[in-house]
Amino acid sequence: RNTLTPTVKSIVVNQLPVVTASSNSAVCEGSALNLMATPAVPGTYSYSWTGPGFTSTDEDPVINNVTLAANGNYSVTTKDANGCYSISSTTHVDINAYPVTTGASMIYGGSGSPMTATDPVGGAILWYTETGTYLTTSI
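Residues in the sequence shown are numbered consecutively from 470, following my numbering.
1) Taking the beta strand (DSSP E) that Thr524 belongs to, which residues open and close that run?
2) Between the stretch 503–514 and the stretch 486–495, do three or more beta carbon pairs fall short of 8 Å?
3) Below 8 Å, how does it come out for the stretch 475–485 and the stretch 514–525: are there three or more Cβ pairs, yes or no?
4) Residues in its own chain within less than 6 Å of Pro583 by CB, not counting five upstream and five downstream?
5) Going by DSSP, what residue range makes up the beta strand (DSSP E) through Thr519?
6) When you compare each of Ser558, Glu498, Ala538, Ser500 to Thr547 by their alpha carbons, which one comes out closest?
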């Protein structure tokens, strides 16, 4: 007579990781676009970002000196320590073009002289250095 001995096995079902994609959008072209991946539960994850002409494995990648081509959707997925992948999370990014002022004039007096500008339409003028450092606003 044959008898069977039952064997008990445990099965662990791991919860899928959850991540939320976000950014500092909208930003102006030439500035830095910051992408952020925020996991729902703290832990150790690997990251995979994709977007218009862009890929990264950083958790919070920064795209410096963005162009209008960076407009669009950016998606991130995570993989946790158990090898489980999250469902992709997407954030939309808007890159604003440099403003074009019509009817304005700008005068630069040379080294050591202040920059001045006029805008007969009455809009605000934001001043930046050539490296993108904000200086002041004039109205």
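Glycine residues also receive a C-beta, built at the ideal position from the N, C-alpha and C atoms.
Based on what the coordinates show:
1) 523–525
2) Contact holds: three or more Cβ-Cβ distances are below 8 Å.
3) They do not touch, by the three-pair rule.
4) Caution applies to Pro583, whose pLDDT of 47 falls short of 50 and renders its modelled position unreliable; the model cannot decide the point.
5) 514–520
6) Minimum Cα-Cα distance from Thr547 among the listed residues Ser558, Glu498, Ala538, Ser500 corresponds to Ser558.
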